[in-house]
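Contents: one structure, followed by commentary.
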Amino acid sequence: MMTLDVTVVNVALSDVARDLDAGLGRVQWTVSAYSLAFGALLLTAGALSDRIGRRVVFTAGMALFTLASAACGLAPDAATLIAARAAQGLGGAMVFAPTLALIAAAYEGARRQAAIASYALVASAAGALGPVVGGLFAEALGWRWIFLVNVPIGLLVVAGALARMPESAAVGTDARRRLDPRGSLLAVGALLTLHYPLVTGPETGWTSPPVLGSAALGVLLTAALVADQRRGGGLIDMALLRIRAFSGAAVLGFLARLSSLGMLAFLTLWLQSTYASSPLGAGLWLLPLTGSLLLAGLFVNRLQKRFPPDALVAAGFAAQGLGLLALAGAGAGAGPAVLVAGLVLLGTGGAVIFPPLMGVAVGTVPEDRAGMASGLTNACYPLGTATGVALFGAVFAARLDSVLAAGPAGAPPVREAVETGRFDLLSPALRPLAHTAFSDAFTTVCLAAAALCALGVATARTLKAGPAPAAGPAPVAPVRAAGAS
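Sequential numbering from 56 applies to the sequence shown in my numbering.
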């Protein structure tokens with residue numbers, strides 16, 4: 056449910072904009088508000104779960120997510136919907152943050168590795184199935200049921216967690232650490248102010264005062280957060296970031312989501328304009344991606360027994376990069392066969408990347424920091440998606456403007472049709488220009504995402520680091536006194 060709601064609304068953006076009488080640029084905040092709140096609050100939720108209990112945080116978050124889903128489905132306007140989506144993100148953070156720690160506490164050894172692989176498979180499949188599920192509900196029942204369907208499921212999950220889920224809480228020094236509201240506020244503020252320019256820059260201009268002011272404030276808040284956390288005992292245990300494999304897993308998770316789910320919105324819109332006439336049709340075209348992800352995921356646990364994490368993650372990024380290059384070729388007119396091949400490679404790469412990353416994240420940190428490590432790692436996933444939507448949106452808009460600048464005088468309505476996916480509103484004479492401009496911009500987005508996958512291949516070597524050092528300074532003097540080497 057948590058992952059599905061990152062992507063489920065993508066294929067229904069045009070319907071939401073039309074029904075609520077809002078521009079597509081504003082409605083896109085229904086994607087960004089959820090992802091940003093989700094990622095910004097995962098750090099706090101993870102640290103909180105180490106202190107008061109992971110089941111408590113999980114259950115409270117599920118209840119909030121369910122209430123917010125009802126508010127989304129009943130929203131009378133875009134502002135209410137965006138606010139409710141942010142509340143959904145808060146609830147989602149409380150659910151998602153302790154999950155890796157809960158799994159790590161319930162399983163050991165090879166069974167833990169298999170459990171994490173299954174968990175990653177479900178989460179990745181949910182993200183890829185979002186467009187299919189969203190298209191189905193948007194076409195059959197209306198976009199509001201994308202959110203209302205969460206309500207009965209959420210109630211069942213709350214009841215199941217209370218009845219069946221064992222409590223899991225850290226013991227030791229971390230349980231006594233303060234909640235650090237100042238650090239939480241600084242983290243949320245920094246993430247919001249850094250994200251705002253990426254979302255609004257293409258429309259308001261990169262040199263406009265709000266964009267420049269927000270970017271400058273974001274840099275200041277980030278510096279303040281780092282300075283605040285260096286004093287210790289706060290929201291982030293900075294010692295975790297010095298574990299090379301752990302920090303590498305966090306960065307690679309961010310890159311993986313940025314290069315895949317970050318461009319999924321543009322992929323679905325392009326499919327709808329080129330091969331399908333409805334949100335459901337676009338979702339069905341994505342079945343090769345979902346099917347390959349599920350099929351490859353069945354073999355990941357076996358692969359993890361034979362290959363180290365760095366090799367698997369590098370191979371996954373390479374497959375994603377090749378898939379994105381194939382999608383770029385499809386955007387340039389290579390045909391449906393190349394499109395299907397690209398989707399299969401994209402799904403296969405995603406299935407291979409995430410289980411090793413999650414295993415490294417919980418396997419290289421002290422046990423009493425598992426909730427914090429889970430929250431920190433999981434924070435990178437939705438933030439990668441949100442940053443990808445914003446970053447590729449800027450790339451898409453810039454390329455679109457470049458193409459339309461050389462077009463005929465009817466370019467302004469063409470740009471609006473491309474951004475909304477409503478080519479049917481254009482005159483027959485302008486539709487070829489709209490399709491050409493859309494495909495050109497989509498191809499540019501795919502090439503940019505492929506370049507990020509190449510960066511992921513190079514960064515995967517960071518996972519070669521050994522296990523985490525023990526928490527706290529090493530007792531050097533007593534060891535020497537005992538005559539140990």
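Using N, Cα and C, we set each Cβ at its ideal position, and we do this for glycine too.
Please read these numbers as outputs of a predicted model, since none were measured by experiment.
Endpoints, alpha helix (DSSP H) assigned at residue i
{"i": "PRO364", "result": "364-386"}
{"i": "SER90", "result": "84-107"}
{"i": "LEU358", "result": "355-361"}
{"i": "ARG199", "result": "Run containing ARG199: none; DSSP gives neither H nor E here."}
{"i": "ILE408", "result": "391-418"}
{"i": "THR517", "result": "Looking at the DSSP string, THR517 is not in any alpha helix (DSSP H), and its letter there is neither H nor E."}
{"i": "ARG312", "result": "299-314"}
{"i": "ASP292", "result": "It is not in any alpha helix (DSSP H) - ASP292 carries neither H nor E in the DSSP assignment."}
{"i": "VAL281", "result": "264-284"}
{"i": "MET149", "result": "133-151"}
{"i": "ARG424", "result": "Neither: ARG424 is in no alpha helix (DSSP H) and is coded neither H nor E."}
{"i": "TRP325", "result": "319-329"}
{"i": "LEU68", "result": "68-74"}
{"i": "VAL206", "result": "205-219"}
{"i": "LEU344", "result": "342-352"}
{"i": "THR154", "result": "154-161"}
Euclidean distance between Cα positions of residue i and residue j
{"i": "ALA218", "j": "GLY164", "result": "26 Å"}
{"i": "VAL417", "j": "VAL444", "result": "28 Å"}
{"i": "LEU247", "j": "GLY273", "result": "8 Å"}
{"i": "HIS490", "j": "THR514", "result": "36 Å"}
{"i": "PHE354", "j": "ALA159", "result": "21 Å"}
{"i": "LEU98", "j": "ALA156", "result": "13 Å"}
{"i": "LEU380", "j": "LEU211", "result": "42 Å"}
{"i": "ALA102", "j": "SER239", "result": "10 Å"}
{"i": "GLY227", "j": "LEU296", "result": "Model confidence at GLY227 stands at a pLDDT of 47, short of 50, so the residue's coordinates are unreliable; what they give is reported in the following sentence. Approximately 20 Å, taken between the alpha carbons."}
{"i": "LEU400", "j": "ILE107", "result": "42 Å"}
{"i": "ASP456", "j": "ALA161", "result": "53 Å"}
{"i": "ALA230", "j": "ALA118", "result": "Per-residue confidence for ALA230 stands at a pLDDT of 45, beneath the threshold of 50, marking its modelled position as unreliable; the derived number appears in the next sentence. Their Cα atoms are separated by approximately 24 Å."}
{"i": "THR259", "j": "VAL266", "result": "8 Å"}
{"i": "VAL500", "j": "PHE447", "result": "6 Å"}
{"i": "ALA245", "j": "LEU276", "result": "5 Å"}
{"i": "ALA509", "j": "LEU129", "result": "43 Å"}
{"i": "ASP70", "j": "TRP198", "result": "7 Å"}
{"i": "LEU412", "j": "LEU398", "result": "22 Å"}
{"i": "PHE192", "j": "ARG286", "result": "49 Å"}
{"i": "TYR27", "j": "LEU324", "result": "Outside the shown range of the chain (56 to 540) lies residue 27, about which nothing can therefore be said."}
{"i": "SER328", "j": "ALA383", "result": "15 Å"}
{"i": "SER90", "j": "PRO437", "result": "5 Å"}
{"i": "SER429", "j": "THR121", "result": "22 Å"}
{"i": "ARG73", "j": "ALA67", "result": "10 Å"}
{"i": "GLY303", "j": "ASN356", "result": "21 Å"}
{"i": "PHE362", "j": "LEU459", "result": "48 Å"}
{"i": "LEU75", "j": "PRO131", "result": "7 Å"}
{"i": "VAL213", "j": "ARG110", "result": "10 Å"}
{"i": "CYS435", "j": "VAL450", "result": "21 Å"}
{"i": "PRO236", "j": "LEU307", "result": "28 Å"}
{"i": "PHE309", "j": "LEU507", "result": "11 Å"}
{"i": "LEU203", "j": "GLY346", "result": "26 Å"}
{"i": "VAL281", "j": "PHE301", "result": "18 Å"}
{"i": "VAL395", "j": "PHE372", "result": "18 Å"}
{"i": "TYR251", "j": "GLY268", "result": "10 Å"}
Pair within 8 Å by beta-carbon distance, residue i and residue j
{"i": "VAL112", "j": "MET57", "result": "no"}
{"i": "MET318", "j": "ALA181", "result": "no"}
{"i": "ILE171", "j": "PRO343", "result": "no"}
{"i": "ILE208", "j": "LEU431", "result": "no"}
{"i": "GLY405", "j": "GLN375", "result": "yes"}
{"i": "ALA139", "j": "CYS127", "result": "yes"}
{"i": "ALA141", "j": "ALA100", "result": "no"}
{"i": "ASP365", "j": "LEU518", "result": "yes"}
{"i": "LEU377", "j": "LEU367", "result": "no"}
{"i": "ARG454", "j": "ALA392", "result": "no"}
{"i": "ALA370", "j": "VAL407", "result": "yes"}
{"i": "THR419", "j": "ILE298", "result": "yes"}
{"i": "VAL82", "j": "ALA133", "result": "yes"}
{"i": "SER124", "j": "ASN205", "result": "yes"}
{"i": "GLY147", "j": "ASP60", "result": "yes"}
{"i": "GLY386", "j": "SER494", "result": "yes"}
{"i": "THR442", "j": "LEU313", "result": "yes"}
{"i": "LEU96", "j": "VAL243", "result": "yes"}
{"i": "ILE137", "j": "TRP200", "result": "no"}
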